[in-house]
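S.K.: Once you've had a glance at the structure underneath, I'll fire off some questions.
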Ligand SMILES: C[S@@+](CC[C@H](N)C(=O)[O-])C[C@H]1O[C@@H](n2cnc3c(N)ncnc32)[C@H](O)[C@@H]1O
C-alpha cells in the first residue's frame with residue numbers, strides 16, 4: 262500500500278501505525294518547517310520528500326491507496342485574533358491550500374482519504390469542504406484518548422463505526438515529576454500569564470486543569486489559553502512557582518512516542534518541538550480511524 266501525505270510529521274506516526282509508506286509532502290517554501298522534515302527523516306529515513314503541494318506533478322507518482330492531509334488551519338481558526346485576517350470564506354489562502362488536497366485526491370484517484378482541520382472554522386468553510394469531499398465530517402475530541410482537549414473535524418471515506426473509547430486520561434497522569442528550571446516562569450512572565458487579557462481578547466486565567474488546553478505551537482501565552490501548572494499539582498511542592506509544559510509532556514498529550522521529536526538537544530530546540538507537536542495530529546485518534554481500514558478487521562480497541 263502506498264501512502265501519500267500532505268504533512269511531514271504525521272507521516273511518521275502513520276508509518277508506525279500502518280508500517281508502510283512511500284511518499285511524503287514536505288513544505289519547502291516555509292523554511293521554518295525544516296525541523297519537521299528533519300524529525301521525519303530521523304525516524305523514517307526512507308521518507309521521500311516531494312516538496313511544495315502547489316508544485317507536485319501527480320502523473321509522476323505511483324498508485325496511491327490512502328491520501329491523508331491537514332492543510333494549515335492558521336487562516337481559519339478562531340485562535341487567530343479578531344481583526345488579524347481570520348478567513349471566514351473559502352476563497353482565501355486557507356482555501357487555496359485546501360484545494361491542493363482536492364487536486365491531489367482527484368489526480369491520484371486514491372482509494373481512501375482522510376482530511377483533517379480545526380473544529381473552529383466558519384460554517385461556510387466547513388460546508389465548502391464537505392461539498393468538495395462528498396462526505397460529512399466527524400468531530401473527534403482528542404481528550405477521549407489523551408489528557409488534552411482538542412476538537413478536530415475529520416472528513417474520510419474510511420467507514421468509522423464509533424468514536425474512540427474514553428480512556429479517562431488526565432493531564433496530571435502524564436506530567437513529569439521534576440523538570441529543568443528553564444520551564445518555570447519568571448515573576449514578570451507569571452504576572453503576564455495570570456492576567457485576563459485585553460478588552461478585545463478577554464481570557465479567564467486558570468491553571469492546574471484536569472485536561473490540558475488544546476496544544477498550540479507557542480506555549481508562552483496567558484493562562485486562559487495556555488496550560489500552566491504549579492508544583493503542588495504535580496508532586497505536592499510549592500504553590501507559588503508556575504511552569505509551562507515540557508516538550509515530552511507535549512508529546513504525551515498528543516500520544517506521540519516519547520522523544521520522537523528530540524533531535525540534537527540544541528539550545529533553541531524546545532521551541533521547534535513545541536511547534537511541530539502543536540501542529541500535529543493526535544496519534545491515537547488517527548490509529549482509531551485507521552483501525553477501520555479494509556483488511557484491518559474493524560475497531561481493534563482492547
Ligand atoms: C497544521 S500543520 C498540519 C500538520 C499535520 N497534520 C501533522 O500532524 O503533522 C500544516 C502543515 O502544512 C505545511 N504546509 C504549509 N504550506 C505548504 C505547502 N505549500 N506545501 C506543503 N506543505 C505545506 C506546513 O509546513 C505545516 O506543517
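Numbering (our numbering), first residue to last: 262 to 563.
Yeah, the Cβ is synthetic: ideal placement off N, Cα and C, and Gly gets one too.
Since the model is a prediction, treat every value here as computed from it, not as a measurement.
1. Per DSSP, what kind of secondary structure is residue 357 in: helix, strand or coil?
2. Which same chain residues end up closer than 7 Å to residue 315 when comparing Cβ atoms and leaving out the 5 residues on each side of it in sequence?
3. Can you tell me the Cα-Cα spacing of residue 456 and residue 446, whole angstroms?
4. Tell me the DSSP secondary structure of residue 484 in three-state form.
5. Ordered along the chain, which non-local residues of its own chain (more than five positions away) have a Cβ less than 8 Å from that of residue 366?
6. Which stretch, first to last residue, makes up the beta strand (DSSP E) that contains residue 503?
7. With a threshold of 6 Å on Cβ separation, who are the neighbours of residue 477 within its own chain once the five nearest residues in sequence on each side are excluded?
8. Quick one: does the C-beta of residue 416 sit closer than 8 Å to a heavy atom of ligand 1?
9. Opposite residue 418 in the DSSP bridges: which residues?
10. Measure the Cβ-Cβ separation of residue 606 and residue 554 and say whether it is below 9 Å.
11. Between 534, 523, 547 and 535, which has its C-alpha nearest residue 304's C-alpha?
12. Below 7 Å CB to CB, which residues in the same chain sit around residue 472 once its five sequence neighbours on both sides are set aside?
13. Between which two residues does the beta strand (DSSP E) containing residue 377 stretch?
14. Looking at residue 365 and ligand 1, is the gap between the Cβ and the nearest heavy atom below 8 Å?
15. Are the CB atoms of residue 480 and residue 509 within a distance shorter than 9 Å?
16. Quick one: does the C-beta of residue 380 sit closer than 8 Å to a heavy atom of ligand 1?
17. Starting from the C-beta of residue 353, find all residues in its chain whose C-beta is less than 7 Å away, skip the five residues before and the five after it, and write them out in chain order.
18. Could you give the first and the last residue of the continuous beta strand (DSSP E) run that contains residue 401?
19. Whole angstroms are fine: how far does the CA of residue 440 sit from the CA of residue 528?
20. Quickly, what does DSSP pair residue 491 with across the bridge? List them, please.
M.R.: Judging by the given coordinates:
1. The answer is helix: DSSP assigns residue 357 an H, G or I state.
2. Excluding sequence neighbours, residue 315 sits near 361.
3. Approximately 14 Å, taken between the alpha carbons.
4. When DSSP states are grouped into helix, strand and coil, residue 484 belongs to the coil group.
5. Same-chain partners within the cutoff: 328, 374 and 394.
6. Counting along the chain, the beta strand (DSSP E) containing residue 503 begins and ends at 503-505.
7. Closer than 6 Å at the Cβ level, and outside the excluded window around residue 477, lie 539.
8. Checking the 8 Å criterion, the Cβ of residue 416 is out of range of every heavy atom belonging to ligand 1.
9. DSSP lists no partner for residue 418.
10. This structure does not reach residue 606, given that the chain is present from 262 up to 563, and the question cannot be answered.
11. Considering only alpha carbons, the answer is 523.
12. Excluding positions up to five away in sequence, the list reads 404, 408, 409, 410, 431 and 432.
13. That run of the beta strand (DSSP E) goes 373-379.
14. No, ligand 1 has no heavy atom inside 8 Å of this Cβ.
15. No, they are not a contact pair.
16. Proximity of the beta carbon of residue 380 to ligand 1 is not indicated: no heavy atom of the ligand is located closer than 8 Å.
17. Setting aside the 5 residues that flank it on each side, residue 353 is surrounded in the same chain by 336, each with a C-beta closer than 7 Å to its C-beta; the list follows chain order.
18. Counting along the chain, the beta strand (DSSP E) containing residue 401 begins and ends at 399-402.
19. Distance from the CA of residue 528 to the CA of residue 440, rounded to the nearest whole angstrom, comes to 16 Å.
20. Among the bridge pairs identified by DSSP, residue 491 is matched with 503.
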